[in-house]
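J.:
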Amino acid sequence: MEFWQDTKQPIDAFLKMFEKCMVDPELSAGLKKVNQVILFDYTQDGPDCSFWIDTRGGKLTAGAGKPSDKPDLIMSLSADDAHRSWSNKLNPVMAITRGKIKVKGSATGLLKLAPKLKRVAELYNEVLQESGQADKILK
Amino acid sequence: MFGNTGKIIEVDLSAGTIGQKTLPEEYYKKYIGGSGLAAKLFWDRGNFDTEPLAPEAMLVFMNGPFAGLKMSGASRNSVAGRSPLTGVWGDSSCGGYFAPELRYAGYDGIVITGKAKAPSLLVIEDDNVSLVDAAPYWGKGIESVNDGLKEKYGKNCRTVVIGPAGEKQVKFANIMNEAHHAFGRAGFGAVMGAKNLKGIVVKATKKDMTIADPAAYEKLRKEVNPALKEALAAVVLGENGTAANLEGGMVNGDVPVKNFASNYNEEMGSKLTGSELTDNYLTKRSACAFCAIACKRVAEVKEGPWKTPEGPGPEYETIAAFGSLMNSADLAATIKVNRVCNDYGLDTISCGMTIAWAMEAFEKGHLTKADTDGVEIRWADMETVINTLVPAIALRKGNLGELLAEGSVSAANKTGKDSIDYTCHSKGMEAPMHDPRGGGHGLALTYATSPRGACHVATPMLFMEMGACYWPEIGFEYELEPMTDENKPESAVISWEMGSIENSACWCQFADREMQISQWVDLFNFVAGYNWDADEMLRAGRRVFYLKRLINSRFGLTAKDDDLTPRMLEPARDGEPEGIEINLSGMIERFYGLAGIDPEKGIPTRDTLSEYGMAEEAAAVW
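Chains as they are written, first to last, in my numbering: chain R, 1 to 139; chain F, 1001 to 1622.
(1) Can you name, in chain order, every residue of its own chain whose Cβ lies under 6 Å from the Cβ of D1347/F, other than the five neighbours on each side?
(2) Thinking C-beta only, is N1077/F closer than 7 Å to F1061/F?
(3) I need the boundaries of the beta strand (DSSP E) containing T1132/F, first residue and last residue.
(4) Taking the alpha carbon of I1112/F as the point to measure from, which residue in V1191/F, T1159/F, G1439/F and G1034/F has its own alpha carbon closest?
(5) Under 7 Å, do S1286/F and V1298/F count as touching if we go by C-beta distance?
(6) Would you mind telling me which residues of chain F sit closer than 8 Å to P71/R, beta carbon to beta carbon, in chain order?
(7) Quick check: is the beta carbon of M94/R nearer than 7 Å to any beta carbon in chain F?
(8) Note down, in chain order, every chain R residue with its Cβ under 9 Å from the Cβ of V1255/F.
(9) What beta strand (DSSP E) runs, 3 residues minimum, are completely inside the stretch 32-65 of chain R?
(10) Can you find at least 3 beta carbon pairs, one from the stretch 107-124 of chain R and one from the stretch 1233-1245 of chain F, that sit closer than 8 Å?
(11) If we call anything under 7 Å between Cβ atoms a contact, is P1482/F one with C1469/F?
(12) Would you decide whether N1413/F is buried or exposed? Buried here means 16 or more other CB atoms lie within 10 Å of its CB.
(13) Whose C-beta lies closer than 8 Å to the C-beta of E19/R among residues of the same chain, with five residues either side of it excluded?
(14) Across which residues does DSSP place R1297/F in a beta bridge pair?
(15) Given a cut-off of 7 Å on the beta-carbon distance, is the pair L1331/F and A1356/F in contact?
(16) Give me whichever residues DSSP pairs with S1262/F in a beta bridge.
(17) Tell me, which residues are paired with W1471/F by DSSP?
(18) Does chain R have any CB closer than 7 Å to the CB of S1275/F?
(19) Determine whether the Cβ of T43/R lies closer than 7 Å to any Cβ atom of chain F.
(20) Can you name the residues of chain R whose CB is closer than 9 Å to the CB of M1359/F?
(21) From which residue to which residue does the alpha helix (DSSP H) around N1503/F run?
(22) Count the other CB atoms within 10 Å of the CB of P1305/F; is the residue buried (16 or more) or exposed (fewer)?
(23) Kindly indicate if chain R contains any beta-carbon less than 7 Å away from that of A1292/F.
(24) What is the rounded straight-line gap between the Cα of I1349/F and the Cα of R119/R?
(25) Consider the Cβ of T61/R: report whether some Cβ of chain F lies at a distance smaller than 7 Å.
(26) With a cut-off of 8 Å, do at least 3 Cβ pairs link the stretch 97-106 of chain R to the stretch 66-76 of chain R?
(27) When you compare the stretch 1061-1074 of chain F with the stretch 1027-1042 of chain F, are there three or more beta-carbon pairs, one atom per stretch, that lie closer than 8 Å?
(28) Name the chain R residues whose beta carbon is nearer than 7 Å to that of P1466/F?
(29) For a cutoff of 7 Å on Cβ pairs, would you count G1345/F as touching chain R?
(30) Could you check whether I1517/F and I1474/F sit closer than 7 Å to each other, using their CB atoms as the reference points?
(31) R1554/F: which of P1566/F, G1036/F, D1049/F and H1366/F sits nearest, CA to CA?
(32) Which of helix, strand or coil does DSSP assign to F1048/F?
(33) Can you list, in chain order, the residues of its chain whose CB lies under 6 Å from that of E1578/F, leaving out five sequence neighbours each side?
(34) Please report the Cβ distance between L1445/F and M1268/F, rounded to the nearest whole angstrom; I am assuming they are in contact, meaning their Cβ atoms lie under 8 Å.
(35) Which two residues bound the contiguous beta strand (DSSP E) that contains R1082/F?
(36) Who pairs with Q1020/F in a beta bridge, going by DSSP?
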């Protein structure tokens, strides 16, 4: 991996980012509209490298690993490309076209999330800054 | 001949004669089919002085080589000729079910000239082709005519029909297949109306087709169809229709708001987006022939002012044209107006654009109640749009109907007072609902250079800038940044080749996104037996693009006509593209150089034409 020392590091960062998203007024409202369970699958970098979010029923929860319920959408990519993606430095359409991101399931949630990536990236950069990983912030 | 039947029907409505003609195989190899082959037939006929609505005008319906072959998205049909809206070359593509039936009946296309003495229908039943009286259908809306024809000729017949707008020769009248699928653009419904041709019915009893290598084709088909179905784009389109990403497009600045004056209204985007239609109005999904994507919507508005019975639902273009473009977030109104426009037979893009222009003109005082028969034309006033403006246009009622039925450019020219500055078009055809300032500067280049005028489906440029195309075999493996001019002329050359292939092969741009270049080449070889390589295939695409530009040259267009309007080129006032300028002239200059186009005449140079096997055509223009 280019950006990460181990597979725990990215998951910790991404979960902290989602904690911020859940309390951000704009993003929490947007996430609730997604109304799906989404698995972000980075297991190509290690068996434990994944996390999920559950945005159903007006509640927002997230956790490491795999969700107990069947996900509506699974996005599979590398942890490095996930870093680029959450930094809003990866064109998701192009990444999908070129096979860097594999998507399985309903795409409704993906389309609801995509317009919010700019704001998500701001929060992600805050997480990197606060956790002493400012060197990972992509310009 | 493999793949194509080689046969077309020739109809002279003035003489009441019907014949058949066999086309040389060379025509297919050089111009593929669809709008490309139609352009070749138009060029051969050479009636460049004939007005679009004159009896002598030529109207061509043409299939591609894959019609009826059970490939997802590959059974579209093109109609073509001189557009009454623009006065220059026009073509318009339609999905639905017409193309396979025509193919099964034994024909690749239909060439129609003349004017019938009385309203007529062309009825094709295999080898029996006849003209019959259409008086019972004249004046009626498309839905009831389609129902009536199904009753008379059987539910399995396929129809293409015009509505009252076509009969009244509204310049953006469309032609509808099965009352659901539209030959929307360029106004060919008016051409049929001018010819007293209410519709065409086709009914085939055989399905004989000869292709070059059936086993290889079937193997490829079984590879390609599942891949197309499973692609993310297909999943997105199937779930939420062509408006699936309207919300995201609004954030990017791609969706026009208030007659292209704004590129951003997030709330509007979220209210008009495809998932809203799915959640609130969708009753079922629908598809064109053999298509596994099923992006078509069937919708119902159960209550409220726009109560609409279950029927064909709006696509992205209609939702944006009668939504954000008019500063309205009323999704139910777009469902209603879609049905109304379909039944009258109006292109919803040009109709929406013309009304949005009128809204701005009224706001600015360039149009007053004295011009509009006393009607106030206000932003987002959908009641006036649906109950007054659309019927007035379709039936050419009063001064207002006559003014707007000619399209936005004509209306602005008649109105004066600088109102032409806020029309949005190229070559007289109103722009579709993708604003190149946010959608991508390459789109501005392809809008401007498009032979038929501003068009988002003439090339795959929108998808290329989005990142949805990857063709390393032909040099397109780089990333495009939408809101710059970098690499846009280079990619526009590829986009014109690929777009011309798609439209001549009559493929749907949504379905073929997953197709690799090698698969395209294999398809042509397995079906038509061309023995092409990628270069030969691209040369055919380039030839089609060149021929359409030669036709436009004969209509008097030059390089100066490759342009966009001031409204479309002014830096966006808000949203993601705010303040960014489009370097259109710079992109065009470089594009001309790369494509071998003369910078004054706007047509390929003599050397370029010779290089592409078009020396004969070159001799006619140089």
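From the three backbone atoms N, C-alpha and C, an ideal C-beta is built for every residue, glycine too.
Note that the structure is a prediction, hence the values are computed from the model and not measured.
T.: To lay it out plainly:
(1) One-based indexing of the second sequence puts residue 1347/F at position 347. The beta carbon of D1347/F sits closer than 6 Å to those of F1172, N1174, G1184 and R1185, all from its chain and outside the five residues before and after it, given in chain order.
(2) Here residue 1061/F corresponds to residue number 61 of the second sequence, with the count starting at 1. Here residue 1077/F corresponds to residue number 77 of the second sequence, with the count starting at 1. Yes. Within cutoff.
(3) Position 132 of the second sequence, counted from the start, is the residue given in the question as residue 1132/F. Sequence inspection shows Val at residue 1132/F; the Thr mentioned does not correspond to that position. Residues N1128 to D1133.
(4) Stepping through the second sequence from its first residue, residue 1112/F is reached at position 112. The residue with the shortest Cα to Cα distance from I1112/F is V1191/F.
(5) Within the second sequence, numbered from 1, the residue matching residue 1286/F stands at position 286. Within the second sequence, numbered from 1, the residue matching residue 1298/F stands at position 298. Closer than 7 Å, so yes.
(6) Here residue 71/R refers to the residue found at position 71 when the first sequence is read from its first residue. Result: empty, since nearest Cβ-Cβ is about 15 Å, beyond 8 Å.
(7) In the first sequence, counting from the first residue as 1, residue 94/R sits at position 94. With its beta carbon less than 7 Å from one in chain F, M94/R belongs to the interface.
(8) The residue given as residue 1255/F occupies position 255 in the second sequence. Residues of chain R passing the Cβ test: none, with the nearest at roughly 11 Å.
(9) Fully enclosed beta strand (DSSP E) runs of 3 or longer: 37-41, 50-54 and 61-64.
(10) Touching, yes, given that three or more Cβ pairs across the two stretches are closer than 8 Å.
(11) Here residue 1482/F refers to the residue found at position 482 when the second sequence is read from its first residue. Here residue 1469/F refers to the residue found at position 469 when the second sequence is read from its first residue. Against a cut-off of 7 Å, the Cβ pair of C1469/F and P1482/F comes out as no contact.
(12) Locating residue 1413/F in the second sequence gives position 413, where the first residue counts as 1. By the 16-neighbour rule on beta-carbons within 10 angstroms, N1413/F is exposed.
(13) Taking the first sequence and counting its residues from 1, the one referred to as residue 19/R is at position 19. Apart from the 5 residues on each side of it in sequence, E19/R sits with its Cβ closer than 8 Å to the Cβ of A62 in its chain, given in chain order.
(14) Reading the second sequence from its first residue, position 297 is the one you call residue 1297/F. Paired residue(s): R1285/F.
(15) Locating residue 1331/F in the second sequence gives position 331, where the first residue counts as 1. Locating residue 1356/F in the second sequence gives position 356, where the first residue counts as 1. No, the pair does not count as a contact, with Cβ atoms beyond the cut-off.
(16) Counting from one through the second sequence, the residue named residue 1262/F turns up at place 262. BP columns for S1262/F point to V1257/F.
(17) Numbered from 1 along the second sequence, position 471 holds the residue referred to as residue 1471/F. Paired residues: F1476/F.
(18) Working through the second sequence from its first residue, we reach residue 1275/F at position 275. Chain R contact via Cβ: present.
(19) Here residue 43/R corresponds to residue number 43 of the first sequence, with the count starting at 1. No, no contact with chain F.
(20) Position 359 of the second sequence, counted from the start, is the residue given in the question as residue 1359/F. Simply none; closest approach about 27 Å.
(21) Indexing the second sequence from 1 puts residue 1503/F at position 503. Note, N1503/F: alpha helix (DSSP H), K1488 to A1505.
(22) As a first step, residue 1305/F is located in the second sequence; it is residue number 305 there, counting from the start. Exposed, since its Cβ has fewer than 16 Cβ neighbours within 10 Å.
(23) Here residue 1292/F corresponds to residue number 292 of the second sequence, with the count starting at 1. Cβ-Cβ to chain R under 7 Å: no for A1292/F.
(24) Residue mapping note: residue 1349/F aligns to position 349 of the second sequence, counting from 1. Residue mapping note: residue 119/R aligns to position 119 of the first sequence, counting from 1. Cα to Cα, the separation comes out at about 33 Å.
(25) Along the first sequence, one-based indexing puts residue 61/R at 61. Chain F contact via Cβ: absent.
(26) Cβ pair count under 8 Å is three or more, so yes.
(27) yes
(28) Your numbering for residue 1466/F matches position 466 in the second sequence. For the sequence presented, residue 1466/F should be read as Met rather than Pro. Ordered by position in chain R, the residues that pass the 7 Å Cβ test against M1466/F are V93.
(29) Your numbering for residue 1345/F matches position 345 in the second sequence. No, no contact with chain R.
(30) Working through the second sequence from its first residue, we reach residue 1474/F at position 474. Working through the second sequence from its first residue, we reach residue 1517/F at position 517. Against a cut-off of 7 Å, the Cβ pair of I1517/F and I1474/F comes out as a contact.
(31) The residue given as residue 1554/F occupies position 554 in the second sequence. Taking only the C-alpha atoms, the option nearest R1554/F is D1049/F.
(32) For the purposes of this step, residue 1048/F is taken as the residue at position 48 of the second sequence. Here F1048/F sits in coil by DSSP.
(33) In the second sequence, the residue the question calls residue 1578/F occupies position 578. For E1578/F, where only same-chain residues beyond five positions count, the Cβ hits under 6 Å are A1572.
(34) The residue you call residue 1445/F lines up with position 445 of the second sequence. The residue you call residue 1268/F lines up with position 268 of the second sequence. About 28 Å; that fails the 8 Å criterion.
(35) Taking the first residue of the second sequence as position 1, residue 1082/F is located at position 82. It spans N1077 to R1082 - the beta strand (DSSP E) in which R1082/F sits, taken as one unbroken run.
(36) Along the second sequence, one-based indexing puts residue 1020/F at 20. Bridge partners of Q1020/F: I1009/F.
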